[in-house]
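Protein chains: 2
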Amino acid sequence: MEIIEKVRSLKEYRGKLIGSVGFVPTMGYLHEGHMSLVRRARAENLSVFVSIFVNPTQFGPSEDFASYPRDAERDLAMLQKEKVNVVFMPTAEEIYPDGCNSWVEVSGITDRLEGKARPGHFKGVTTVVAKLFNIVEPDKAYFGQKDAQQLAVIRKMVNDLNMNLEIIPVPTAREPDGLAMSSRNVRLNPEERKAAVVLSQALNLARGQWESGQRDASQMRDAMSALIKKEPLASIDYVSVADTQTLAELDMINRTALVSLAVKIGKTRLIDNIVLGE
Amino acid sequence: MEIIEKVRSLKEYRGKLIGSVGFVPTMGYLHEGHMSLVRRARAENLSVFVSIFVNPTQFGPSEDFASYPRDAERDLAMLQKEKVNVVFMPTAEEIYPDGCNSWVEVSGITDRLEGKARPGHFKGVTTVVAKLFNIVEPDKAYFGQKDAQQLAVIRKMVNDLNMNLEIIPVPTAREPDGLAMSSRNVRLNPEERKAAVVLSQALNLARGQWESGQRDASQMRDAMSALIKKEPLASIDYVSVADTQTLAELDMINRTALVSLAVKIGKTRLIDNIVLGE
Chain U
6 MEIIEKVRSL KEYRGKLIGS VGFVPTMGYL HEGHMSLVRR ARAENLSVFV SIFVNPTQFG
66 PSEDFASYPR DAERDLAMLQ KEKVNVVFMP TAEEIYPDGC NSWVEVSGIT DRLEGKARPG
126 HFKGVTTVVA KLFNIVEPDK AYFGQKDAQQ LAVIRKMVND LNMNLEIIPV PTAREPDGLA
186 MSSRNVRLNP EERKAAVVLS QALNLARGQW ESGQRDASQM RDAMSALIKK EPLASIDYVS
246 VADTQTLAEL DMINRTALVS LAVKIGKTRL IDNIVLGE
Chain F
6 MEIIEKVRSL KEYRGKLIGS VGFVPTMGYL HEGHMSLVRR ARAENLSVFV SIFVNPTQFG
66 PSEDFASYPR DAERDLAMLQ KEKVNVVFMP TAEEIYPDGC NSWVEVSGIT DRLEGKARPG
126 HFKGVTTVVA KLFNIVEPDK AYFGQKDAQQ LAVIRKMVND LNMNLEIIPV PTAREPDGLA
186 MSSRNVRLNP EERKAAVVLS QALNLARGQW ESGQRDASQM RDAMSALIKK EPLASIDYVS
246 VADTQTLAEL DMINRTALVS LAVKIGKTRL IDNIVLGE
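Protein sequences appear in the order of chains U and F. Each residue of the first sequence is one higher than the one before, counting from 6 in this note's numbering. Each residue of the second sequence is one higher than the one before, counting from 6 in this note's numbering.
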């Protein structure tokens, strides 16, 4: 497994490869969710590239960039086991050298949900992902369904800007009790960890309602919110039932719908989602 | 010579090629300036692609998108003579389908000169050029020095976003009396055409001053402005002596300087520039 820190070295290495390249961009602190992306990439490509880069431009000034969990040694051991070919681990200065001031931005769908809660977040995401795509030149890139809006935004960017790769969505990996895997779960104390199951419980409630014929999105949001409010450690950021393409809130669930939520458990902000009617 | 209108067809054609591809993006109504780019691309690459696309997103609402001169038949005849391999002539709907809303933007240097005079102009330029680069995947792309700020902005975009191609600048082509070639020159009536020589005269004045040791940028700007004001058909938009990298106005010309100007001759806005100290 090659560990590469420089853009130039990565491009040189990439230039010599033949055959398909699968790419999994990550912020490290890998868990089973990431590994499911890596294994999918491994199964579908001759070479697999993984990037580990905690991207400063996608964190707001009051967000958790400095305290985002990091453990490069553990990450590398996990990736080696999966026979990853290249790990790209650049510094922030390597990705954003002095004076770097060009941006890729998807308008419209980035105004909602995570984009509304975290202004500037997606501009940072699309910029770094576009840069990584140019550096790695993958045939396929793998993204978790857990970050549903990120997946929608990146697909839109690739489509709108005519980029030459395929985006492969991979289902959310979950703990046995239903909690979606996330690098941020490590911050939950034992009591919060128990409380965090309320996110997937709310989504299960929504799925149950939908299967019983509920089509009123407002009633569905209310039921989910009521369930979450019973958990004293939880505070709702948003509960959404939205069009999967535009992410606009629905009145009636008369098409495929993204049910998503952001909830703080103690000080840790968690997100999760399901798609109804796929 | 292949004439291709669809993104998908262009990508299919491109996918089968081996060897280097040179690319000349244009808005059509070709003149000797464009042809010097095409000939340079022809000399340096196995395949040459030219795009003809009057890009709506780089024109402001009060600008001349609708009246921008067009003559596809003449353009194609000129390109055929130069043994161009592919001409890409998409419609606006092909490049910007319904809902397309992703943008590439270079901040900072786009606030000055043309960017200041034409808000949003460079956002349209960088977006369409990034899209064309993704569609054509050239090894080298050729841009005229006449649009000096555009050249600087595109170089910065390529560098900042780690794009995989080389940008080749080509000197400005001029009429015998010094007027920089431009598709917009066709709009000048005979009297305005004569008056338009004042742009290159002002640049020559600046070069002469510089060669005589003038290093005060403000005095240089004043002298150029005074010369232009003697021409009754001319009205100055800006006269600039700026750093070639940042495009910030200089006080003392103590490094390589871009001397540039935008002047309206009658209703036609013309630009031109030279670089001092290269």
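Ideal Cβ placement from N, Cα and C applies to all residues, glycine included.
Item to check | Q63 of chain U versus A211 of chain F - alpha carbon distance | outcome: The residue labelled residue 63 of chain U in the question sits at position 58 within the first sequence. The residue labelled residue 211 of chain F in the question sits at position 206 within the second sequence. Computed Cα separation, rounded: 45 Å.
Checklist entry - Going along the chain, which residues of its own chain have a beta-carbon closer than 7 Å to the beta-carbon of G297 of chain U, five neighbours each way excluded? => result Only positions 6 to 283 of chain U appear in this structure, which leaves residue 297 of chain U out of reach.
Checklist entry - On the three-state DSSP scale, how would you describe M6 of chain F? => result Here residue 6 of chain F corresponds to residue number 1 of the second sequence, with the count starting at 1. The answer is coil: DSSP assigns M6 of chain F none of H, G, I, E or B.
Checklist entry - For the stretch 188-270 of chain F, which segments carrying the beta strand (DSSP E) assignment without a break, of at least 3 residues, lie completely within its bounds, in sequence order? => result Qualifying beta strand (DSSP E) stretches, in chain order: 239-248, 262-270.
Next on the checklist: What residue range does the alpha helix (DSSP H) around V163 of chain U cover?
Outcome noted: By one-based count along the first sequence, residue 163 of chain U stands at place 158. Counting along the chain, the alpha helix (DSSP H) containing V163 of chain U begins and ends at 153-165.
Next on the checklist: Between which residues of its own chain and A222 of chain F is the CB-CB distance below 8 Å, once the five residues before and five after are set aside?
Outcome noted: Residue numbering aside, residue 222 of chain F sits at position 217 when the second sequence is read from its first letter. So the list reads V246, E254, L255, D256, M257, I258, A262, once near-sequence residues are dropped.
Checklist entry - Which residue spans inside the stretch 29-96 of chain U form an unbroken beta strand (DSSP E) run of at least 3? => result Here the runs fully enclosed are 52-57, 91-93.
Next on the checklist: Please identify the residue among U:W108, U:L35, U:V163, U:P95 whose C-alpha is closest to the C-alpha of K161 of chain F.
Outcome noted: Within the second sequence, residue 161 of chain F is the residue found at index 156, counting from 1. It is U:W108.
Item to check | DSSP bridge partner residues for Y147 of chain U (one or two, in chain order) | outcome: By one-based count along the first sequence, residue 147 of chain U stands at place 142. U:I173.
Checklist entry - So, do the stretch 82-94 of chain U and the stretch 54-71 of chain U have three or more beta carbon pairs nearer to each other than 8 Å? => result As far as the Cβ criterion goes, the stretch 82-94 of chain U touches the stretch 54-71 of chain U, which means the pair count is three or higher.
Next on the checklist: Tell me the DSSP secondary structure of E119 of chain F in three-state form.
Outcome noted: If you number the second sequence from 1, residue 119 of chain F lands on position 114. Looking at E119 of chain F - three-state DSSP - the assignment turns out to be helix.
Checklist entry - Distance, Cα to Cα, A200 of chain F vs L238 of chain F? => result Walking along the second sequence from the start, residue 200 of chain F turns up at place 195. Walking along the second sequence from the start, residue 238 of chain F turns up at place 233. Each residue's alpha carbon lies about 7 Å from the other.
Checklist entry - Would V12 of chain U pass as a contact of I140 of chain U if the rule is Cβ separation under 9 Å? => result Walking along the first sequence from the start, residue 12 of chain U turns up at place 7. Walking along the first sequence from the start, residue 140 of chain U turns up at place 135. Going by C-beta atoms, V12 of chain U is nearer than 9 Å to I140 of chain U.
Next on the checklist: Rounded to the nearest angstrom, what separates R274 of chain U and A267 of chain U at their Cα positions?
Outcome noted: By 1-based counting over the first sequence, the position of residue 274 of chain U is 269. By 1-based counting over the first sequence, the position of residue 267 of chain U is 262. A straight-line Cα-Cα distance of about 7 Å links R274 of chain U and A267 of chain U.
Checklist entry - Where does the unbroken alpha helix (DSSP H) through I276 of chain U begin, and where does it stop? => result To locate residue 276 of chain U, count along the first sequence from 1; it is residue 271. For I276 of chain U, there is no enclosing alpha helix (DSSP H); the enclosing beta strand (DSSP E) has its first and last residue at 273-281.
Checklist entry - Does the separation of the CB atoms of V130 of chain U and I159 of chain U fall below 9 Å? => result For the purposes of this step, residue 130 of chain U is identified with residue 125 of the first sequence, where counting begins at 1. For the purposes of this step, residue 159 of chain U is identified with residue 154 of the first sequence, where counting begins at 1. In contact: V130 of chain U and I159 of chain U (Cβ atoms closer than 9 Å).
Next on the checklist: Quick check on A82 of chain U: buried or exposed, where buried means 16 or more other Cβ atoms within 10 Å of its Cβ?
Outcome noted: Your numbering for residue 82 of chain U matches position 77 in the first sequence. A82 of chain U should be labelled exposed.
Checklist entry - Can you name, in chain order, every residue of its own chain whose Cβ lies under 7 Å from the Cβ of Y18 of chain F, other than the five neighbours on each side? => result For the purposes of this step, residue 18 of chain F is taken as the residue at position 13 of the second sequence. Closer than 7 Å at Cβ, skipping near neighbours: E7, I9, V91.
Checklist entry - Taking DSSP as the reference, what is the three-state secondary structure of A135 of chain F? => result By 1-based counting over the second sequence, the position of residue 135 of chain F is 130. Three-state DSSP puts A135 of chain F in a helix.
Checklist entry - Pick from F:S188, F:E68, F:R117, F:G104: whose alpha carbon is nearest that of M40 of chain F? => result As a first step, residue 40 of chain F must be located in the second sequence, where it is residue number 35. Checking every option, the nearest Cα to that of M40 of chain F belongs to F:S188.
Checklist entry - Grouping DSSP H, G and I as helix and E and B as strand, with all else coil, what is S14 of chain F? => result Here residue 14 of chain F is taken as the residue at index 9 of the second sequence, counted from 1. Correct three-state label for S14 of chain F: helix.
Checklist entry - So, are the CB atoms of D277 of chain U and A185 of chain U less than 9 Å apart? => result If you number the first sequence from 1, residue 277 of chain U lands on position 272. If you number the first sequence from 1, residue 185 of chain U lands on position 180. D277 of chain U places its beta carbon less than 9 Å from that of A185 of chain U.
Checklist entry - Closest by CA to D103 of chain U, which one among F:K121, F:D165, F:R260, F:D80? => result Indexing the first sequence from 1 puts residue 103 of chain U at position 98. For the residues F:K121, F:D165, F:R260, F:D80, the minimum Cα distance to D103 of chain U belongs to F:D165.
Next on the checklist: Please return the same chain residues whose Cβ sits closer than 6 Å to the Cβ of V111 of chain U, not counting the five positions on each side in sequence.
Outcome noted: Residue 111 of chain U sits at position 106 when you count from the first residue of the first sequence. Sequence-distant Cβ neighbours of V111 of chain U in its own chain, meaning closer than 6 Å and more than five residues away, are T131, V158, K161, M162.
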